[in-house]
Amino acid sequence: QYENMSKLQGVKKTVMKPGDGKTYPKTGDELTMHYTGYLHGQPDKVFDSSVRRGTPFKFRIGIGHVIQGWDEGVIKMSLGEKAKLEIASDYAYGERGAGSTIPPNSDLDFEVELLKIGESGGSGCTIL
9 QYENMSKLQG VKKTVMKPGD GKTYPKTGDE LTMHYTGYLH GQPDKVFDSS VRRGTPFKFR
69 IGIGHVIQGW DEGVIKMSLG EKAKLEIASD YAYGERGAGS TIPPNSDLDF EVELLKIGES
129 GGSGCTIL
C-alpha cells in the first residue's frame with residue numbers, strides 16, 4: 009500500500025557547529041538563516057541554497073511559513089548553531105514534491121545556520 013515508505017521519521021537534527029546554547033527562537037520570531045538543501049543522502053543534488061545566492065533567508069518560525077521539518081527542527085537550534093536537518097517527505101513537500109527539482113515523496117537534507125533571531129534593522133521588509 010505504501011511503496012515509498014520513508015525510513016526517516018519526522019525530522020532529525022545533527023549539530024555541525026554548536027551555537028551559544030542559551031538563545032533559542034520562540035514561535036513567531038523572525039529568523040535569519042543560511043541553508044543549503046539537497047535530496048536526502050545526495051549532497052551533490054542541491055536544489056536550493058541561500059549560501060550560493062549570498063543572501064540569507066528570513067522567515068517567521070513555528071507558524072507555517074516554511075515546511076514542517078524546518079518549523080520543528082530549527083526551533084531547537086541556538087543562536088549561531090549550524091546543523092543538518094534530515095527531513096522525512098511528509099515533513100517536507102510530501103506527495104506533491106516541489107517544482108522540477110524535488111520529486112514527490114522525497115526525503116530532504118538541509119544544512120542550516122541560525123544567524124539572527126529577531127527583527128532586522130531598517131524597514132523590516134523581506135524580499136524573497
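Quick note: the sequence shown uses the working numbering, first residue 9, plus one each step.
Cβ coordinates follow ideal geometry from the N, Cα and C atoms, glycine included.
At what residues does the alpha helix (DSSP H) containing G36 begin and finish? In the DSSP assignment, G36 falls outside any alpha helix (DSSP H), carrying neither H nor E.
I need the straight-line Cα distance from Y101 to G77, nearest angstrom please. Y101 and G77 have their C-alpha atoms some 10 Å from each other.
With a CB to CB cut of under 7 Å and the five nearest residues on each side skipped, what residues in its chain are close to G126? Closer than 7 Å at the Cβ level, and outside the excluded window around G126, lie D37, E38.
With a threshold of 6 Å on Cβ separation, who are the neighbours of I110 within its own chain once the five nearest residues in sequence on each side are excluded? The beta carbon of I110 lies closer than 6 Å to those of F55, Y101 in the same chain, with the five residues before and after it left out.
Can the beta-carbon of G27 be found closer than 8 Å to that of L87? Going by C-beta atoms, G27 is nearer than 8 Å to L87.
Starting from D79 and walking both ways along the beta strand (DSSP E), at which residues does that stretch end? Counting along the chain, D79 falls outside any beta strand (DSSP E), though it belongs to the alpha helix (DSSP H) covering 76-82.
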